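> Residue numbers (the numbering used here): 130 to 358. Cβ atoms here follow ideal geometry from the backbone N, Cα and C, with glycine treated the same way. As the structure is a computational prediction, the values presented were derived from the model and not from experiment.
1. Would you mind reading off the limits of the beta strand (DSSP E) that contains residue 286?
2. What's the C-alpha gap between residue 194 and residue 222?
3. Which runs of the beta strand (DSSP E) fall wholly inside the region 227-273 and span at least 3 residues, in chain order?
4. State buried or exposed for residue 358, treating a residue as buried only when at least 16 other CB atoms are found within 10 Å of its CB.
5. Helix or strand or just coil, what does DSSP make of residue 205?
6. In or out: residue 144 buried (at least 16 other Cβ within 10 Å) or exposed?
7. What are the start and end residues of the beta strand (DSSP E) that includes residue 145?
8. Go ahead and label residue 172 buried or exposed: buried means 16 or more other beta carbons lie within 10 angstroms of its beta carbon, across all protein chains shown.
9. Since residue 229 and residue 246 are thought to touch, with beta carbons under 8 Å apart, how far apart are those beta carbons, to the nearest angstrom?
10. Along the chain, where does the alpha helix (DSSP H) containing residue 297 start, and where does it finish?
11. Out of 170, 305, 287 and 259, which one is the CA nearest neighbour of residue 281?
12. Are the beta-carbon atoms belonging to residue 203 and residue 149 less than 9 Å from one another?
13. Rounded to the nearest angstrom, what separates residue 297 and residue 167 at their Cα positions?
14. Starting from residue 178 and walking both ways along the alpha helix (DSSP H), at which residues does that stretch end?
15. With DSSP as the reference, label residue 329 as helix, strand or coil.
16. By the 10 Å Cβ neighbour count, where 16 or more other Cβ atoms means buried, how is residue 310 classified, buried or exposed?
17. Check residue 355 in the structure and name its three-state DSSP category.
18. Assuming residue 182 and residue 188 make a contact with CB atoms under 8 Å, what is their CB distance in whole Å?
19. Taking Cβ positions, are residue 312 and residue 232 nearer each other than 9 Å?
20. Taking a contact to mean a Cβ-Cβ separation below 9 Å, would you say residue 329 touches residue 214 in this structure?
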């Protein structure tokens with residue numbers, strides 16, 4: 130898997146307060162038990178070199194993307210921006226749009242899916258239930274079909290809630306597992322360990338300038354994604 134490093138980092142937007150990068154599938158956003166270098170550290174190295182900064186570089190992690198997922202990740206560059214961005218995301222004021230490629234087209238052209246997701250930390254997996262079960266959390270997403278390829282269907286997804294593996298789990302629950310997502314029932318993994326889920330767009334109010342920013346992440350270079358354009 131082609132991991133990001135400070136020399137190949139795809140910066141989509143940057144100013145004094147924030148930096149937004151297009152994450153490659155395989156990057157972890159924040160350090161975990163694997164001990165692999167997280168994207169947050171890669172961004173710090175990039176900033177350190179770019180601005181020739183001595184000492185530690187400040188970087189705040191605002192939200193995450195699953196390791197096999199690609200697309201937009203926003204970081205705070207100042208301690209002033211971080212709590213404001215955290216609040217923005219907590220208050221659901223940041224609009225995230227995802228693209229997903231599924232083998233089996235969903236039953237409707239567009240729909241709202243509501244499930245109750247229960248997380249199993251041991252398996253690092255969520256399970257979807259039609260009705261509320263103990264320890265479950267309500268999950269809501271909206272999808273629409275935006276393109277049909279020969280063997281796959283491209284869906285655009287907007288989240289109303291942000292649950293663990295929400296898109297992967299909810300799509301799988303209606304029989305539309307994302308390409309390459311072995312964990313949620315796809316029949317084989319992608320060669321590079323990615324899944325065909327991409328955080329395509331992000332809209333939010335700038336934490337300091339207070340103006341709306343809308344960003345779009347270029348699609349990964351593989352042929353199937355490129356066929357979606």
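With the structure as the only source:
1. Segment 282-288, the beta strand (DSSP E) holding residue 286.
2. 17 Å
3. 239-249 and 254-258
4. exposed
5. strand
6. exposed
7. No beta strand (DSSP E) contains residue 145, which DSSP labels as neither H nor E.
8. Burial call: buried.
9. Actually they do not touch by this definition, with Cβ atoms about 17 Å apart.
10. 295-302
11. In this structure, 305 is the residue among 170, 305, 287 and 259 with its C-alpha nearest to the C-alpha of residue 281.
12. yes
13. 22 Å
14. First-last of the alpha helix (DSSP H) with residue 178: 168-179.
15. The answer is strand: DSSP assigns residue 329 an E or B state.
16. buried
17. helix
18. Rounded, the Cβ-Cβ distance is 11 Å, inconsistent with contact.
19. Contact: no.
20. no
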